[in-house]
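Asks: After the structure tokens below, expect a handful of questions from me.
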Amino acid sequence: MKFKVAALSVLFYTGAFAQNIQNNPGSNHGNRFEQLGTILPTPNVYRTASGAPGQAYWQNRADYDITAYLDEDKRNLKGSETVTYHNNSSDDLDYIWLQLDENQQSTLNKADYQFSSTLPKSLNDQQLKTTDLPAKDNGHGVNLEKVTDASGNPLKYTVNKTMMRIDLPKVLKKGEKFIFKIDWNYNIPNRIKMGGRGGYENFAEDGNDLYTITQWFPRMCVYSDFQGWQNHQFTGRGEFALVFGNYKVSMNVPADHIIGGTGECKNYEQVLSSEQLSRYKKSQTSAEPVEIVTLDEAKKAEKNHSKQRKTWVFEAKDVRDFAWTSSRKFVWDAMGVTIPENNNKVMAMSFYPKEAYGLYRKYSTKAIAHTIKTYSEFTIPYPYPVAQSVEASNGMEYPMICFNFGRTEKDGTYSEGTKNGMIGVIIHEVGHNFFPMIINSDERQWSWMDEGLNTFTEYLTEEKWDNKFPSKRGPAWTIVDYMKLPKDQLEPIMSNSENIIQFGPNAYSKPATGLNILRETIMGRELFDKAFKTYSKRWAFKHPEPADFFRTMEDASGEDLDWFWRGWFYGTDPVDIAIDKVTMASPDFSTVKEANETKYKVEEPLQNPFEDISKIRNKEDKTIAFEVDKDKDLQDFYYRYDRGQEKVDINKEYTLKTEGNIALDKKEQEKLKNINAYQIDFVNKGGLVMPVILEFTFEDGSKLRDKSSAQIWRHNEKKISKTFYFDKKLKSIQLDPMRETADIDTSNNFWSNDGTSSETSKFQVFKEKQNGTVRGGANGKVNPMQAAGKKN
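Using mature numbering (1 follows the signal peptide of the UniProt record, and there is no 0), the letters of the sequence shown map in sequence onto residues -18 to -1, 1 to 774.
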């Protein structure tokens, strides 16, 4: 889903702090490169240490048969569903949980996750209302009419705000299924005024509504191996945890409405005119979008509110949800798309009111086609038969259908920002078909697993749409302002959705940026792309958790990335690496160390200075016979020396000759005289380790690049040095020249050889000695065997 970041930064302020997961906080090492260890869940038969599903992996399933009636005059939706729930777990289930998300619009049954509030400086008349105490029923939320088993027997149930528990008449065991029925209705909210993902938008100029019907039916919660029931309340923020199943949905709507929905329509012959059906068939093989419902037809329909009814029938297989849209305002265009990886034939389709015609007619369906083809390259081949984009002044995703924005001005013109924003949101929301509609993560707990991974792949897709596309999420430099914020305004990516303050940067931008840094800077494209595809393939149509992603990325690439997950996902430290000092040195050929004689003392016995308790007890134990006592051949000079049986004067000094260094001749000196050494000292001011990327510019104008992996920080996470030798003089050094590490302060990333910002020194150079030997014993002392003149 696409959020407006600025608004969220104000609305969702709850306060959170980074997790202290350091192992050795008092040290300059042993923290940032420590393995995640027990921070990740213990692997088991359901989820392996490699990040793949285990041999005993299971997931439950729910199949739905739903009928719906849209009452346009009352703006009410009435529904009836038959649910077949399959228990594939090893657990006995006494009850099951369902989601009643529409209750979030109710003043009485909402989750009631409130926010702090203060006196405003100004209000309009619609906002200024007396506070209702106690709260009054606003008429919204789910009205449950009937809950029965397959035979029509009433079932006991309990509604807890946005959740509903059904108590089963008998235990549901492994391999069994339970069939039940629910009848319900609710008043459709005005989505523009009340907010939320589903509802209606009224167009006052022509008196018509555009309906986006989402979270509209009681839906099964996920029961999983890692959590049990995921029945956390729906607050409007954290999105959805859902099970896969097959759907058959019949929607009865005014006869002049056009419907787009999850899956394939099974009765176009009954609901479309012959001309529209002919255009639809033509669009299936067309390389350009074909208008199935034309602009003229949509304008004409706006003026005539039919009192007749039509029923549209849709079916979808292996989806986790079902959403639909209905309006007489829709223009509808489509074209066929083939996914090369699996040769899947997909209908790319767009629905939009006349207010969006100038943009959507040109871009929407082609953006859908580009998205599903590009995502298929980076993840898995798109498996569904349909992909749809609906212009609804919105941004939200569901299987095979999504709701976006993109309207022109009344004169038909539009800004470049509107155009690019529309293309970006279409790519983003269509891309959600992969994350989380297929790679089905728990959005209510881990927003980043769908929003972050999807935003990253959106960035890859935008880049392949237009090399000049102004992507706002993905490039490292775009996250810098967020990373600069005070720590009390930040929280780790690994935070529950409800507890995030800066939701857009945290759940979308930071994880997307992190993945791009992994791909471009740390792992490289080949290793990253293979690992990312492996994760997508492993967890397609399954329920992955964060550890499954982290482990798979390492398992498939051979890269130890625990340091990156620890810093980027579990921490809030920013990147701020600074060039602290540059020391220059030139060769000195004049000082050569001559051979000389040096006095050494004798090495003392190497016995332990203290007889520990084990040695004492072993010596007293008459059952123990030591090998060196049993075998005389093991008793050498040092056996006797350690026991005082060999006498050596340890105070006597012995004179030994040491070899000197060999001077270079003039030719050799001439060859090396222009080499300059540069020691660059770096300081980690931000705390988050990253590769050290340098661009060297020399006095002759040439340039060189160097990159040290983040592992250079492993023995000292605060300060490091690196020395280079060049045969020409440096003019300047630029740290992170392409701004690819999200460094928050680039003012300390540059050094210039202006004669004032560095130290100079000399380093001695002499000829390498061949086959040199070291005289003397350990620690520069004469070994006792030499002093005693013995060899055994």
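Yeah, the Cβ is synthetic: ideal placement off N, Cα and C, and Gly gets one too.
Predicted, not measured: the structure shown is a model, and the values here were computed from it.
1. Which term fits Pro7, buried or exposed, when burial requires 16 or more other beta carbons within 10 angstroms of its beta carbon?
2. Buried or exposed for Ala769, going by 16 or more other Cβ atoms inside 10 Å?
3. Rounded to the nearest angstrom, how far is the Cβ of residue 782 from that of Val272, given a contact under 8 Å?
4. Whose CA, out of Asp542, Lys292 and Lys155, lies closest to the CA of Ile241?
5. Quick one: give me the first and last residue of the alpha helix (DSSP H) that Gly227 is part of.
6. Can you have a look at Asn753 and say buried or exposed, based on whether 16 or more other CB atoms are within 10 angstroms of its CB?
7. Any chance the stretch 426 to 438 sits against the stretch 497 to 512, with 3 or more Cβ pairs inside 8 Å?
8. Which residues in the same chain as Asn10 place their Cβ atom closer than 8 Å to its Cβ, once the five residues preceding and following it in sequence are excluded?
9. DSSP three-state label for residue 783, please.
10. Near Val(-14), which residues of its chain fall below 7 Å by C-beta distance, leaving aside the five closest residues on each side in sequence?
11. Out of curiosity, what's the CA-to-CA distance linking Leu341 and Arg389?
12. DSSP three-state label for Thr144, please.
13. Which same chain residues end up closer than 7 Å to Asn478 when comparing Cβ atoms and leaving out the 5 residues on each side of it in sequence?
14. In the DSSP assignment, find the beta strand (DSSP E) that holds His68 and state where it starts and stops.
15. Since I believe Met404 is in contact with Asn376 (beta carbons under 8 Å), could you give me their beta-carbon distance rounded to a whole number of angstroms?
16. Please confirm whether Lys512 and Ser539 have their CB atoms less than 8 Å apart.
17. Would you kindly work out how many angstroms separate the C-alpha atoms of Leu22 and Gly413, rounded to a whole number?
18. Determine the DSSP secondary structure at Ala50, reduced to helix, strand or coil.
19. According to the neighbour-count rule (16 or more other Cβ atoms, all chains shown, within 10 Å of its Cβ), is Ala186 buried or exposed?
20. Given a threshold of 16 other Cβ atoms within 10 Å of its Cβ, counted over all protein chains shown, does Phe531 qualify as buried or as exposed?
21. Quick check for students: name the residue ranges of the beta strand (DSSP E) that lie wholly in the stretch 519 to 607, counting only runs of 3 or more.
22. Whole-angstrom Cβ separation of Trp166 and Met233, contact assumed at under 8 Å?
23. Note the first and the last residue of the continuous beta strand (DSSP E) segment covering Val129.
24. Taking its Cβ as the centre, do 16 or more other Cβ atoms sit within 10 Å of Asp278, making it buried, or is it exposed?
25. Taking the Cβ atom as the reference point for each residue, do Met202 and Tyr67 lie within a distance shorter than 8 Å?
26. Which first and last residues belong to the alpha helix (DSSP H) in which Lys711 is found?
27. Which whole-angstrom value is the C-beta distance of Leu224 and Arg302, which I expect to be below 8 Å?
28. Using the Cα positions of Arg310 and Asn184, report the straight-line distance between them to the nearest angstrom.
29. Taking the CB atoms as reference points, tell me whether Ala489 and Trp447 lie closer together than 8 Å.
30. If you draw a straight line from the alpha carbon of Ser596 to that of Lys614, how long is it in whole angstroms?
31. Determine the burial state of Pro102: buried for a count of at least 16 other Cβ atoms within 10 Å of its Cβ, exposed for fewer.
32. Please name the residue in Ala351, Val671 and Tyr345 whose C-alpha comes closest to that of Glu16.
33. Would the beta-carbon of Ile726 fall within 8 Å of that of Asp562?
Replies: On the basis of the data shown:
1. exposed
2. buried
3. Residue coverage of the chain in this structure runs from -18 to 774, which leaves residue 782 outside it and unanswerable.
4. Lys292
5. Segment Gly227 to Pro236 is the beta strand (DSSP E) holding Gly227; no alpha helix (DSSP H) there.
6. Legend: pLDDT at Asn753 = 48, less than 50; position of this residue unreliable, value from coordinates given subsequently. Asn753 should be labelled exposed.
7. The stretch 426 to 438 vs the stretch 497 to 512: in contact.
8. Asn698, Glu699, Lys700 and Lys701
9. Because the chain here runs from -18 to 774, residue 783 falls outside it and cannot be looked at.
10. Confidence is the limiting factor: at Val(-14) the pLDDT is only 36, short of 50, which leaves the residue's position unreliable and the question unanswerable from this model.
11. 7 Å
12. DSSP places Thr144 in the coil class of the three-state scheme, outside both helix and strand.
13. If the five residues before and after Asn478 are omitted, its C-beta is found closer than 7 Å to the C-beta atoms of Gln427, all from its own chain and listed in chain order.
14. Segment Asn58 to His68, the beta strand (DSSP E) holding His68.
15. No, Asn376 and Met404 are not in contact; Cβ-Cβ is about 12 Å, not under 8 Å.
16. A distance below 8 Å separates the beta carbons of Lys512 and Ser539.
17. 28 Å
18. strand
19. exposed
20. With 16 or more other Cβ atoms inside 10 Å of its own Cβ, Phe531 counts as buried.
21. 559 to 570 and 578 to 582
22. Not really, about 15 Å apart at Cβ, beyond 8 Å.
23. Asn125 to Asp131
24. exposed
25. In contact: Met202 and Tyr67 (Cβ atoms closer than 8 Å).
26. That residue, Lys711, is in no alpha helix (DSSP H); it is neither H nor E in DSSP.
27. With a Cβ gap of about 4 Å, Leu224 and Arg302 count as contacting.
28. 12 Å
29. Cβ atoms of Ala489 and Trp447: not closer than 8 Å.
30. 24 Å
31. Exposed.
32. The shortest C-alpha separation from Glu16 is found at Val671.
33. no
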